[in-house]
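A quick write-up on the structure given underneath.
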Ligand SMILES: CC(C)(COP(=O)(O)OP(=O)(O)OC[C@H]1O[C@@H](n2cnc3c(N)ncnc32)[C@H](O)[C@@H]1OP(=O)(O)O)[C@@H](O)C(=O)NCCC(=O)NCCS
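Next up, the structure:
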């Protein structure tokens, strides 16, 4: 299994994986915008035949955006195809993205939203990567479910290595 920076030609496969794995889906313009604007912080996992089996899509928010005073990364979407789960791929995708956010953009922290019922993702973020819940956003999702808004301070990332 290989993990590398996402390229424009991966975007269709990333969108297909997203449609298969998550109810939060995005038009192609959104994927292209992220890949073109912040080309070094989104990654894919590919199998031995070069098929995309997982991805992380991320962006950078500058001071003032989203009410933040510090430059930070934000994970828009991450997923791994069902048969490739629990192999450590999501952890590696997240660690590579976090590292690039800090090194290339000087990001001070990384933020994301997760459904409060999403045990697997919360396990990944909180237990494996060290994220904390910054706040609960009521009815954040289209179906009315609350989101945990989570954060990881990149200055203190000491949990695990890629
Ligand atoms: C969440 C998701 C991305 C995790 O991907 P993954 O590649 O299986 O995760 P990893 O193998 O890197 O797991 C790392 C850690 O996360 C936690 N974790 C992963 N899956 C878990 C599960 N089903 N239950 C509990 N904890 C889990 C564990 O702590 C795990 O470490 P361990 O295997 O040593 O116990 C994957 O389950 C997925 O694609 N889910 C559907 C999409 C989704 O929910 N995305 C997140 C939206 S916010």
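Residue numbers (full-length UniProt numbering): 1 to 162.
Glycine included, each C-beta is placed from N, C-alpha and C at the ideal position.
| query | result |
| --- | --- |
| Between the CA atoms of residue 36 and residue 138 - distance to the nearest angstrom | 32 Å |
| Chain-order list of residues whose beta-carbon lies under 8 Å from that of residue 59 (same chain, five-residue window excluded) | 34, 37, 38, 41, 73, 74, 76 |
| Those residues, in chain order, that have a beta-carbon closer than 6 Å to some heavy atom of ligand 3 | For the structure depicted, ligand 3 is absent and the ligand set comprises only ligand 1. |
| DSSP bridge partner residues for residue 112 (one or two, in chain order) | 150 |
| Minimum length 3: unbroken beta strand (DSSP E) runs contained in the UniProt domain "N-acetyltransferase" (1-155) | 2-5, 43-46, 52-61, 72-80, 109-115, 132-137, 147-153 |
| Close Cβ partners of residue 149 (< 6 Å) along its chain, the five nearest in sequence each way excluded | 113, 134, 135, 137 |
| Residue from 4, 117, 104 with nearest C-alpha to residue 43 | 4 |
| Own chain partners of residue 115 with C-beta closer than 7 Å, once the 5 adjacent residues on each side are dropped | 141, 145, 147 |
| CB of residue 52 within 8 Å of CB of residue 102, strictly | no |
| Whole-number beta carbon distance between residue 56 and residue 62, since they are thought to touch under 8 Å | No, residue 62 and residue 56 are not in contact; Cβ-Cβ is about 20 Å, not under 8 Å. |
| Buried or exposed (CB count within 10 angstroms, at least 16 for buried), residue 86 | exposed |
| Selection from 125, 7, 154, 22 that minimises the alpha carbon distance to residue 109 | 154 |
| Close Cβ partners of residue 84 (< 8 Å) along its chain, the five nearest in sequence each way excluded | 1, 45, 47, 53, 54 |
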